[in-house]
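Quick note: to get my numbering, add 47 to the position in the sequence shown (first position is 1).
Just so you know, even glycine gets a beta-carbon here, dropped at the ideal spot from N, CA and C.
Keep in mind the model is a prediction, meaning the values are calculated, not measured.
Take a look at the structure below.
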Amino acid sequence: FTGDHHFILDYLVEEVLQRQPESIQRFLLQTSVLERLRPSLCKALLLEESNPSLANQSEELLKTVVHANLFLVPLDHEQRWHRYHQLFADVLRARLQQTEPASIGRLHERAAHWYLQQKLHDEAIHHALAAGNNDLAAQIVELEADSRLRLGQQITLQGWLERLPWQTLASH
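Here you go:
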C-alpha cells in the first residue's frame, strides 16, 4: 500500500489525523517534512510568529504523539530520534501539500539551518535543496567538499553538485 491508496488515505486522515487536537495536527503536518524527528529540531520548525507557544511545546507534543501511538517509530534506544511510519508520513505530506503548500519550503529551510548548526551536512543539503534554496545548499557543499574528497566520497559530492543548477555552481 502507498499513501495514495484512497481507503487508507481516508482512514488515516479522517480517523487518525482529524481526531487529534489542533496543536497535534499542526505538529504532525509541519514535522512531516522531516525524515527523523528530535525535540529541538521540531522546535526549530515550529517557530513562527502566529503561534510561538507551539514551538515551546515541541518536546511535550512529540511525547504526546509517541504515547498516543501515532505511527511514530523510535530510532535509538534513548528515544532521542524518531521517524513517522512511511505510510503515515506520506499521508501527512500529502495533507500538508493540500492545506499549506506555501509553508513547505519554509519548513525545509528551517530544517536545513538546524542541521547545519548541528554539523549534519548531508541532511542540511537535502533540506536546502528541498526548500529550493540552492545558494544555501551550495554554501554547505563548499564547506564539505574538501573533507568529502579526502574521505573518498566523490560520488556523494558529485550527486550534490548534479542537483544544483549550473548558475548556482558558477557563482560559487
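Who are the Cβ neighbours of residue i in its own chain at under 6 Å, not counting the five residues just before and after it?
| i | result |
| --- | --- |
| Val188 | Trp207 |
| Phe74 | Leu108 |
| Val112 | Leu119 |
| Glu106 | Pro86 |
Within 10 angstroms of the Cβ of residue i, are there 16 or more other Cβ atoms? Answer buried if so, exposed if not.
| i | result |
| --- | --- |
| Glu125 | exposed |
| Val120 | exposed |
| Arg85 | buried |
| Glu114 | Checking the displayed sequence, the identity of residue 114 turns out to be His instead of Glu. Exposed, by the Cβ-count rule. |
| Leu143 | buried |
| Lys90 | buried |
| Leu163 | buried |
| His219 | exposed |
| His132 | exposed |
Leaving out five residues on either side along the sequence, give the residues of the same chain with a beta carbon under 8 Å from the beta carbon of residue i.
| i | result |
| --- | --- |
| Asn181 | Ala175, Leu211, Pro212 and Thr215 |
| Leu40 | Outside the displayed span of the chain (48 to 219) sits residue 40, for which this structure offers no information. |
| Thr146 | Leu76 |
Can you name the start and end residues of the beta strand (DSSP E) that residue i belongs to?
| i | result |
| --- | --- |
| Leu119 | Leu119 to Pro121 |
Who are the Cβ neighbours of residue i in its own chain at under 7 Å, not counting the five residues just before and after it?
| i | result |
| --- | --- |
| Glu96 | In this predicted model, Glu96 has a pLDDT of only 46, less than 50, meaning its place in the structure is not dependable; the value taken from the coordinates is given anyway. Excluding sequence neighbours, Glu96 sits near nothing in its chain. |
| Leu122 | Arg83, Trp128, His129 and Arg130 |
| Leu154 | Gln77, Val80 and Leu92 |
Tell me which residue opens and which closes the alpha helix (DSSP H) that residue i is part of.
| i | result |
| --- | --- |
| Leu190 | Asn181 to Arg197 |
| Arg210 | Gln201 to Arg210 |
| Leu216 | Trp213 to Ser218 |
| Glu69 | Glu69 to Thr78 |
| Leu88 | Pro86 to Leu93 |
Complete alpha helix (DSSP H) runs within the stretch 101-174 (minimum length 4 residues, chain order): Taking only runs of at least 4 residues, the alpha helix (DSSP H) segments lying wholly in the stretch 101-174 are 105-114, 133-146 and 150-164.
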